[in-house]
Each structure stands twice: as structure tokens, then as C-alpha cells.
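To keep things clear, I will list the structure first and then write my remarks on it.
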Amino acid sequence: MDIDYKTMIIQISQVVWPMPRISGLFLTMPVISSVLIPVRVRVIIAMAFSFLLSSFVPTSLTLEHFNGYYLIYLAFELLLGLMMGFVLQMVFQVFVIGGQIIAMQAGLGFATMIDPASKASVPLISQFYLLMVSLMFLALNGHLAVFELFFNSFTLLPIGSVPVELSDIGRVLIFSGWMMKESVLVALPAILALLVISLAFGVMTRVAPQLNIFSIGFPITLFMGIVILRVSLPGVAAQIADSLEQGMLLIKGLLY
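If you read the sequence shown in this note's numbering, its first letter stands for residue 422, the second for the next number, and so on.
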């Protein structure tokens with residue numbers, strides 16, 4: 422079967438143009454962007470997605486007349502994918518930061534481990550929360566919901582349009598403030614409970630000065646921190662579900 426030059430260019434364009442948006446998403450989306458997944462595997466998955474989308478993605482741009490303006494479109498496509506994944510990354514970081522706050526308050530700040538994904542030293546509580554939010558994200562089919570929104574983005578914001586505006590970037594930056602607020606809310610029950618325990622130790626010191634509060638205060642605080650962590654798990658699970666929903670709503674807002 423003979424394929425003329427123009428048809429071949431159109432078919433290649435339909436495969437190439439979705440790649441920047443897909444690559445941007447895979448660079449920042451939690452779980453997929455983890456260094457535990459080899460770069461080669463991520464590239465293969467991105468190429469497979471691009472081939473699957475090539476028959477459905479509407480585009481008015483072809484590689485036949487490629488010029489400098491096309492580089493701007495490529496940058497916008499990459500930026501949109503980066504923003505979609507970055508929003509979810511901030512949702513995950515809510516619980517990493519919250520775990521760090523709890524660890525410092527409960528005397529568990531010294532209990533750290535190397536996060537294999539980020540290669541950074543993080544408290545065990547943060548690592549536990551990160552594992553918990555990752556499992557809930559997959560269990561709630563969050564990855565499928567993200568892919569559905571991502572595929573719909575090619576219809577809502579076709580290749581060749583300007584998919585990102587300054588207002589969208591502003592909304593993502595404002596969302597970072599929401600991330601810090603939610604981190605404090607995650608740690609707030611533990612902070613208040615440990616504050617009451619610290620006040621109780623202060624009263625004991627005043628009532629019985631001969632009591633060596635430092636010898637018993639640290640292990641009690643450590644033990645109570647673990648107990649509070651266990652008691653607060655149902656509330657944290659509800660916060661994870663709510664935070665994931667907020668992140669998905671922002672992604673929808675970027676597309677609609």
C-alpha cells in the first residue's frame with residue numbers, strides 16, 4: 422500500500438504532538454514519577470499512550486511546516502502536563518509535611534529513613550503517611566480518574582490552542598498555600614494532645630520538684646505520640662480522601 426508524503430507527516434504528527442503533555446504528566450505525577458520506576462519504562466509507557474491517542478487527538482498542527490512558533494506550543498503542552506501532575510504531588514506532600522510536624526512534636530524526629538523515591542532522609546511517620554496516601558490513591562482508582570481527565574484534556578484543550586493561562590498558574594500557586602494549611606490540620610490533633618501532655622509534665626514538675634521529669638518525660642511522650650498516631654488514623658484516612666478530591670477538582674478547573 423502506497424502512503425504519500427503528506428499522509429505520513431500527518432500520522433507522525435498525531436503521534437509526536439501528544440508526547441510533551443504526556444511527558445509533563447509523567448515527570449510530576451505521584452507514583453509514576455517515582456525513581457523506583459526506571460526512566461526507560463516511563464518512556465515506553467509515554468510512547469504507548471501517545472500511539473493510543475494518535476487516532477483520537479484532534480490537532481491542527483503538522484510537522485511539515487514546523488517553525489519557531491511550534492516550540493511555544495510545545496512548551497505550553499509540557500507546562501500543562503507538569504501542572505496536572507504537580508497538583509497531585511502537592512496533595513501527597515500535605516501528609517509528608519504533616520508527618521514531619523508530628524515527628525518533631527512527638528520526639529520521633531530522630532527516627533528517619535532514606536526515602537527511596539526522593540533519596541532524602543524523612544521521618545518514619547512521613548514515610549508511613551506517604552505509603553498510606555499512595556495506597557489510597559490507587560485503591561480509590563485515582564490514577565484512572567487522572568488518566569480519564571488527561572485524555573479528555575486533548576478534547577477540551579486541543580493541541581494548537583494555548584492550554585495554560587496566567588490565571589491557571591496563579592491557581593496552582595494558591596493551592597500551595599492550601600497545602601501548608603492542610604499539613605497543619607493533619608498534625609493538629611497530635612500537636613494539641615502532646616501540648617496537654619507537656620502541660621501535665623510542667624504541673625508535675627511544680628508539684629514535685631524532686632521528680633526527675635526528664636528521665637520519664639521523653640519515653641512517655643514517645644509512647645503517647647505512637648498512641649495518638651494510631652488513634653488519629655481514621656481521621657487521616659478521611660483527610661486523604663478529601664485532599665485527593667480537592668486536587669482532582671483543581672485539575673478539572675484547569676481544563677474546563
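No residue lacks a Cβ here, since even glycine has one placed at the ideal position from N, Cα and C.
All of these numbers come straight from a predicted model, not from anything done at the bench.
Spatial distance of isoleucine 493 from serine 444 (CA atoms): 16 Å
Beta strand (DSSP E) segment containing proline 544, residue limits: 542-544
Neighbourhood of serine 547 by C-beta, 6 Å cutoff - its chain only, sequence neighbours within 5 removed: Val517, Gly520 and Gln521
Neighbour flag for phenylalanine 507 against chain B, beta carbons, 7 Å: Here there is only one protein chain, and chain B is not present.
Sequence-distant residues of its chain with Cβ nearer than 8 Å to methionine 600 (five each side left out): Met511, Val512, Gln514, Val515 and Ile518
Inter-stretch contact (C-beta, 8 Å, three-pair minimum) for the stretch 432-446 and the stretch 468-475: yes
Through-space distance from phenylalanine 644 to tyrosine 677, alpha-carbon basis: 48 Å
Nonlocal neighbours in the same chain, by C-beta distance under 8 Å from serine 574, ignoring five residues either side: Arg442, Leu501, Met505, Pro584 and Leu676
Own chain, CB closer than 6 Å to proline 451, minus 5 neighbours either side, in chain order: Leu509, Gln510 and Phe513
Close beta carbons around isoleucine 661, own chain, < 6 Å, minus the five adjacent residues each side: Val554 and Met557
DSSP three-state assignment for methionine 450, whether helix, strand or coil: coil
Rounded C-alpha distance that separates glutamate 666 from phenylalanine 507: 15 Å
Residue environment, alanine 527, which counts as buried when at least 16 other CB atoms sit within 10 Å: buried
Isoleucine 590, enclosing alpha helix (DSSP H) - first and last residue: 587-628
Status (buried if at least 16 other CB within 10 Å, exposed otherwise) for proline 544: buried
Contacts around valine 436, its chain only, beta-carbon distance under 8 Å, and the 5 residues preceding and following it disregarded: Ser471, Phe472 and Ser475
Reduced DSSP secondary structure (H/G/I, E/B, other) of serine 434: helix
Start and end residues, beta strand (DSSP E) containing isoleucine 465: Looking at the DSSP string, isoleucine 465 is not in any beta strand (DSSP E); the run it does join, the alpha helix (DSSP H), is 460-474.
Extent of the continuous beta strand (DSSP E) to which isoleucine 535 belongs: 533-535
Own chain residues within Cβ distance below 8 Å of leucine 671, not counting five before or after: Val508, Arg592, Val593 and Phe596
Buried versus exposed call for glutamate 603 [16 or more other C-beta atoms within 10 Å across all chains shown]: buried
Inter-residue Cα distance where the pair is serine 619 and phenylalanine 531: 19 Å
Proximity of leucine 448 and serine 455 at Cβ, strictly below 7 Å: no
For valine 605 and aspartate 663, the rounded distance between their alpha carbons: 15 Å
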